[in-house]
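Report on one structure; see the data block that follows.
The following block contains the structure:
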């Protein structure tokens with residue numbers, strides 16, 4: 506059974522190195538803050554798999570995004586991708602999901618500011634991601650880089666298992682960057698279908714020579730679209746109403762705990778401008794007179 510040290514998160518991009526680390530990890534001690542909590546969450550599944558008969562290969566679906574906020578659609582993407590692998594040509598002993606987040610500098614400083622919207626801090630987005638996936642024993646928030654989980658965290662603690670990473674992206678992103686061209690040398694991708702993009706991704710990837718039946722480049726079905734814009738609009742409409750009434754109306758968009766946090770934070774409610782008599786006067790420009 507794997508043993509883990511106990512730490513607390515202190516900021517973004519944690520989970521660089523364990524206290525008991527192999528040499529190639531120990532060299533990164535300057536970046537170390539904490540072990541990722543998903544090790545503890547996955548421990549019952551992986552430790553059991555390590556000793557029982559059957560496949561010892563574990564697929565790890567990773568995705569990174571702004572996730573501001575996390576919606577039902579984000580979790581549905583992982584569930585759909587997991588189902589696709591379970592019914593695929595390869596036999597996996599288990600399939601895990603790890604969600605990583607973009608930094609505050611990008612989400613708040615760039616993306617949300619361009620939309621003239623408030624952004625949710627990384628530390629809060631990470632907590633929301635944990636709550637939204639709490640009932641899914643095979644999925645969790647990843648505080649580090651996507652590849653770190655498969656390259657050394659998981660194989661270090663479960664040496665009897667083989668871990669294979671699948672990068673998950675939306676069809677629009679795959680088409681924009683022609684990511685099917687990267688599907689070589691053991692790199693595997695799952696493309697979540699999206700209306701208006703799925704068909705072109707399929708045609709262009711096949712024209713490039715990608716075998717869609719091999720399992721390295723997988724195109725998953727299109728899912729109902731739950732846009733962040735729709736979520737923010739719904740939260741504004743529910744602002745000020747009783748929580749016990751608002752939360753059930755939002756559960757088709759958000760996990761109930763996530764919905765409650767967002768409603769209480771009132772983060773997407775526009776601030777009312779201060780009355781004119783309370784507006785602070787503009788500072789006067791000081792003119793300097795230089796003495797000779």
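Numbering (my numbering), first residue to last: 506 to 797.
Each residue gets a CB set at the ideal place from its N, CA and C atoms; glycine is no exception.
On a Cα-Cα basis, can you pick out the residue from the options that is closest to residue i?
i, options, result
"residue 586", "724, 624, 573", "724"
"residue 707", "675, 560, 737, 735", "675"
"residue 687", "626, 576, 710, 667", "710"
"residue 728", "552, 578, 544", "578"
"residue 624", "669, 595, 572, 665", "572"
"residue 591", "720, 762, 754, 677", "720"
"residue 631", "614, 658, 713, 649", "649"
"residue 669", "684, 753, 695, 682", "695"
"residue 584", "640, 664, 693, 666", "640"
"residue 767", "629, 613, 567, 545", "629"
"residue 589", "677, 562, 722, 659", "722"
"residue 464", "563, 769, 731", "Examination of residue 464 is not possible in this model, given that the chain is present from 506 through 797 alone."
"residue 764", "574, 596, 661, 597", "574"
"residue 620", "737, 642, 762", "737"
"residue 608", "637, 626, 693, 622", "626"
"residue 681", "705, 665, 547", "705"
"residue 546", "726, 557, 576, 659", "659"
"residue 666", "549, 555, 544", "555"
"residue 581", "677, 697, 636, 717", "697"
"residue 593", "553, 717, 732", "717"
"residue 597", "755, 559, 753", "559"
"residue 548", "637, 772, 645, 771", "645"
"residue 772", "561, 617, 544, 595", "617"
Throw me the rounded Cβ distance for the residue i and residue j pair, which I believe falls under 8 Å.
i, j, result
"residue 565", "residue 655", "5 Å"
"residue 744", "residue 774", "5 Å"
"residue 569", "residue 542", "The Cβ separation is near 17 Å, so there is no contact."
"residue 551", "residue 663", "5 Å"
From the DSSP output, read off the bridge partner residues of residue i.
i, result
"residue 600", "564"
"residue 672", "567, 694"
"residue 667", "562"
"residue 646", "604"
"residue 725", "697"
Evaluate residue i with the Cβ neighbour count: other Cβ atoms within 10 Å of its Cβ, from every protein chain shown; 16 or more gives buried, anything less gives exposed.
i, result
"residue 653", "buried"
"residue 525", "Because residue 525 carries a pLDDT of 40, less than 50, the predicted location of this residue cannot be relied on, and no value is offered for it."
"residue 870", "Residue 870 is absent from the model: the chain starts at 506 and stops at 797."
"residue 647", "buried"
"residue 672", "buried"
"residue 758", "buried"
"residue 735", "exposed"
"residue 712", "exposed"
"residue 540", "buried"
"residue 693", "buried"
"residue 563", "buried"
"residue 684", "buried"
"residue 760", "buried"
"residue 535", "Confidence in residue 535 is poor, its pLDDT being 30 and thus under 50, which makes the residue's placement unreliable; the coordinate value appears in the next sentence. Result: exposed."
"residue 740", "buried"
Any heavy atom of the ligand FMN inside 7 Å of the beta-carbon of residue i?
i, result
"residue 770", "The ligand FMN is not part of the structure shown, which contains no ligands of any sort."
Taking 8 Å as the threshold, find out whether the segment 699-712 comes into contact with the segment 594-610 through three or more Cβ pairs. no
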